[in-house]
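For what it's worth, the working numbering labels the leading residue of the sequence shown as 69, then goes sequentially.
By construction, the Cβ of each residue, glycine as well, lies at the ideal position given by its N, Cα and C atoms.
Quick notes on the structure that follows.
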Amino acid sequence: KYGAHLFHTYYDRVWEYIQRFSAWTPYEHEVIGLVNGKHVPIPVNIHTVNTLFDQNIQNSDEMDVWLDKEQVKYPNGPQNSEEMAMSRVGKRLYELIFHPYTIKQWDKEPKDLGPEVTARIPVRNNYDGRYFADPHQALPSKGYTAIFEKMLDNPLISVHLNTDFFEVRPTLNCGKLYYTGPVDRYFADTGLKKLEYRSLDFERRVVKNVKHFQPKGVVNHPAASDNFTRIVEYKHFLDQTSDHTI
Numbered sequence: 069k070y071g072a073h074l075f076h077t078y079y080d081r082v083w084e085y086i087q088r089f090s091a092w093t094p095y096e097h098e099v100i101g102l103v104n105g106k107h108v109p110i111p112v113n114i115h116t117v118n119t120l121f122d123q124n125i126q127n128s129d130e131m132d133v134w135l136d137k138e139q140v141k142y143p144n145g146p147q148n149s150e151e152m153a154m155s156r157v158g159k160r161l162y163e164l165i166f167h168p169y170t171i172k173q174w175d176k177e178p179k180d181l182g183p184e185v186t187a188r189i190p191v192r193n194n195y196d197g198r199y200f201a202d203p204h205q206a207l208p209s210k211g212y213t214a215i216f217e218k219m220l221d222n223p224l225i226s227v228h229l230n231t232d233f234f235e236v237r238p239t240l241n242c243g244k245l246y247y248t249g250p251v252d253r254y255f256a257d258t259g260l261k262k263l264e265y266r267s268l269d270f271e272r273r274v275v276k277n278v279k280h281f282q283p284k285g286v287v288n289h290p291a292a293s294d295n296f297t298r299i300v301e302y303k304h305f306l307d308q309t310s311d312h313t314i
């Protein structure tokens, strides 16, 4: 209902801890993009470059050479998301993937966003098609709701639904407080401006009598001509079987 959410962590202690609350199904997330009519891996890797630019790159050393020729050099370092992307993948990949997709996501030109926005997207110099590189990647076998139900099933934990945090805040006596609501509302009394937010519209479609609608669970559509960002096909997750797909 809310998109694809994949658990991944670098930390053994985190992985060991969550075993207490669920059985887990190994799953390494792969995302592809539909670019110029071709499905290519995202993050960018050797396959992406070979497919889009008719190259024959064979290894990491050759990929490093190709990237170095493409990358735009900024003497003072990238100052915004446009410069950050072009410093990492060059102008051609930036214009094909990063520029249109960033506008869709943020409704802003990349040059008007901080460099950290596009810096978070990895660029690979190998054939690794995984979206994450963490050693622990999996999906909860019975879903995320079951995990939190088990986490909260403790006599020392009270759950209050439909409760405004700011109304009960004066009555709370906590050693540590973890607030997960809108951060600008939390700091509203300091006079800081309200943050800008982007919402998403989810459209559910059932495609009947087909094994899969697309090659992977998530296919990004960076092209400006597509008026959506991605298609998520849940049937790819947890090896589900059905006559139809969503």
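Check                                                                                                                                                                                     : Outcome
Which residues in the same chain as residue 142 place their Cβ atom closer than 7 Å to its Cβ, once the five residues preceding and following it in sequence are excluded?                : 151 and 155
Going residue by residue through the region 158-216, where are the continuous alpha helix (DSSP H) segments of at least 4 residues, counting only ones entirely within it?                : 167-174 and 184-187
So, is residue 304 buried or exposed, given that buried needs 16 or more other C-beta atoms within 10 angstroms?                                                                          : buried
I need the DSSP call for residue 319, collapsed to helix, strand or coil.                                                                                                                 : Outside the modelled stretch of the chain, which goes from 69 to 314, sits residue 319, for which no answer is possible.
I want to know whether the region 182-197 touches the region 210-228 - three or more CB-CB distances under 8 Å.                                                                           : no
Pick helix, strand or coil for residue 75, following the three-state DSSP scheme.                                                                                                         : strand
In angstroms with no decimal places, state the Cα-to-Cα distance between residue 314 and residue 95.                                                                                      : 19 Å
Assuming contact is defined by CB atoms lying nearer than 8 Å, are residue 316 and residue 157 in contact in what I supplied?                                                             : The shown model of the chain, from 69 to 314, leaves out residue 316, and the question about it has no answer.
With 16 other CB atoms within 10 Å as the buried threshold, where does residue 309 fall?                                                                                                  : exposed
With respect to the alpha helix (DSSP H) encompassing residue 248, which residues constitute its N-terminal and C-terminal limits?                                                        : Here residue 248 belongs to no alpha helix (DSSP H), and DSSP marks it neither H nor E.
Assess contact between the region 93-107 and the region 283-300, defined as three or more Cβ pairs (one per stretch) separated by less than 8 Å. Is contact present?                      : yes
Is the beta carbon of residue 228 closer than 8 Å to that of residue 274?                                                                                                                 : no
Assign residue 288 to one of three DSSP states: helix, strand, or coil.                                                                                                                   : strand
With residue 300 as the anchor, note down where its beta strand (DSSP E) starts and where it stops.                                                                                       : 298-300
Might you give, ordered along the chain, the residues of its own chain that have their beta carbon closer than 6 Å to the beta carbon of residue 172, omitting 5 neighbours on each side? : 297
In the DSSP output, what is residue 99 paired with across the bridge?                                                                                                                     : 110 and 286
Any beta carbon from chain B within less than 8 Å of residue 270's own beta carbon?                                                                                                       : Absence of chain B from the displayed structure is noted, only one protein chain being present.
Determine the burial state of residue 161: buried for a count of at least 16 other Cβ atoms within 10 Å of its Cβ, exposed for fewer.                                                     : buried
Use the C-beta contact count for residue 147: other C-beta atoms within 10 angstroms, 16 or more gives buried, fewer gives exposed.                                                       : exposed
Specify the secondary structure class of residue 82 as computed by DSSP and reduced to three states.                                                                                      : helix
Buried or exposed: where does residue 205 fall if 16 or more other Cβ atoms within 10 Å of its Cβ makes it buried?                                                                        : buried
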